[in-house]
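Enquirer: Protein sequences, first through last, are from chains C and F. If you read the first sequence in our numbering, its first letter stands for residue 1, the second for the next number, and so on. If you read the second sequence in our numbering, its first letter stands for residue 1001, the second for the next number, and so on. We treat Cβ as the ideally placed atom computed from N, Cα and C, and that holds for glycine. What you are looking at is a predicted structure, and each value in this text was computed from that prediction instead of being measured.
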Amino acid sequence: SAQSIPITPSSLCRPRRLYISFSDVGWENWIIAPQGYLANYCLGECPFPLTAELNSTNHAILQTMVHSLDPEGTPQPCCVPVRLSPISILYYDNSDNVVLRHYEDMVVDECGC
Amino acid sequence: LRLQESLLLKSLGLSSKPSPRSHTPVPSVLWRIFQSRKTLPSTSNDPGAACRVEEFNVPGNIIRVFTDQGHFIHHGQPPGLLCLQKRLYFNLSVLEEGERLTMAQLEIKFSHNSYPSPGQGQGLDLRLYRSSRLPLQGTPAPEHGQKLLLERSFEQLHKALVFDLSGVARDWRSHSRNLGLILEIAGSSGCPGINSFLDTSLLVVTLSQQQCRASRRRR
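(1) So, do the stretch 1122–1132 of chain F and the stretch 1188–1198 of chain F have three or more beta carbon pairs nearer to each other than 8 angstroms?
(2) What does Ser23(C) reach in chain F if we use C-beta pairs closer than 9 angstroms?
(3) What residues in its chain sit with their C-beta under 8 angstroms from that of Tyr19(C), if we drop five residues either side in the sequence?
(4) How would you write the range of the alpha helix (DSSP H) that Arg1037(F) sits in, first residue to last?
(5) I want to verify the contact list: residues of chain C whose CB lies under 8 angstroms from the CB of Val1162(F), in sequence order.
(6) In whole angstroms, give me the CA-to-CA distance for Pro1025(F) and Ile1063(F).
(7) Examine chain F for any beta-carbon lying closer than 8 angstroms to the beta-carbon of Ile5(C), and answer yes or no.
(8) Which of the residues in the stretch 85–98 of chain C, read from start to end, lie with their CB under 9 angstroms from any CB of chain F?
(9) Should Phe1066(F) be flagged as near chain C, meaning a C-beta pair shorter than 8 angstroms?
(10) Does His59(C) come out as helix, strand or coil in the three-state DSSP assignment?
(11) Are Ser1132(F) and Leu1179(F) close, meaning C-beta to C-beta below 8 angstroms?
(12) Among residues of its own chain, excluding the 5 on either side of Pro1164(F), which ones have a beta-carbon nearer than 7 angstroms to its beta-carbon?
(13) Can you give me the C-alpha to C-alpha distance between Cys113(C) and Val80(C), rounded to a whole angstrom?
(14) Beta carbon of Cys1083(F), beta carbon of Gly1167(F): below 8 angstroms?
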């Protein structure tokens, strides 16, 4: 049966824009570059039926089915990152050395249920 | 926010927020690698890319350039055939315990921007010693406190000379104390162009076990 809330494309599970500015968190004195970066986050519905572009696992398909039959008992699947990218940060350490460091899984590229 | 900040710094592998006293220029090698990584399309990021330094073909996710904290052993011209005798010291104590050192490269930079015509330049001899004993301030390093690491003849055709010191740097961290190095440059017929000696730095690549553990299984 139809969901109680209307599903609009923007409410489906997908990456949402989140820009992290290092100067906003007071780190501009030791971070050389970048000044900030697009980290994004996942948000949105995983409604029944799950469509292919929602990157869902088999279990998520099962869970949406059970949720559609028993919305109070079983929640919808979560909308989570399924593909992430690394970033590099150039910064000064406490001994004024210049450090280039790579961090995995810092940017959300794709979300899924 | 202090708690959130300290947790975020910890997740970035930093025990505290760095507070640099001065902003030294960014070494061009690091800037080049940073820029090349920035332009990589995100679709091409294989899970291990952030834990390997392709430019040096070694595992690693942290690259540091240490500035030399040593000093010239002589004020003015050193004795004999020596053109330069300098103590080099790179303070590797900033490396965290969980970091595995995978490469250390010494760079000796010169500032000359003209080159002797072929045949006209005279050779110089470079020797690098490892100190195993600290001399008193201002006195020459004791002979028996040094171990010859490398020696090379060169003509000033390059702006920089690069030497692999990975073994020495690993040794400093694991077995013995880091008492620095002694750099000597001598010339059998004078010291042509020794004034163009600029500085030395040590580029060190390490792999953080915490951040480069097998990454979580992906769907």
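Expert: A quick look at the data gives this:
(1) yes
(2) Simply none; closest approach about 14 angstroms.
(3) Only Gly36, Tyr37, Leu38 and Ala39 meet the Cβ criterion.
(4) Per DSSP, Arg1037(F) is one residue of the alpha helix (DSSP H) stretching across Ser1028 to Lys1038.
(5) Near Val1162(F) there are no residues of chain C at all, since even the closest Cβ is about 18 angstroms away, more than 8 angstroms.
(6) 15 angstroms
(7) A caution first: Ile5(C) carries a pLDDT of 46, below 50, which makes its placement in the model too unreliable to give a value.
(8) Ser85, Pro86, Ile87, Ser88, Ile89, Leu90, Tyr91, Tyr92, Asp93, Asn94, Ser95, Asp96, Asn97 and Val98
(9) yes
(10) Helix, per DSSP.
(11) Pairing Ser1132(F) with Leu1179(F) gives a Cβ-Cβ distance under 8 angstroms.
(12) The sequence shown places Asp at residue 1164(F), not Pro. Gln1105, listed in sequence order.
(13) 6 angstroms
(14) no
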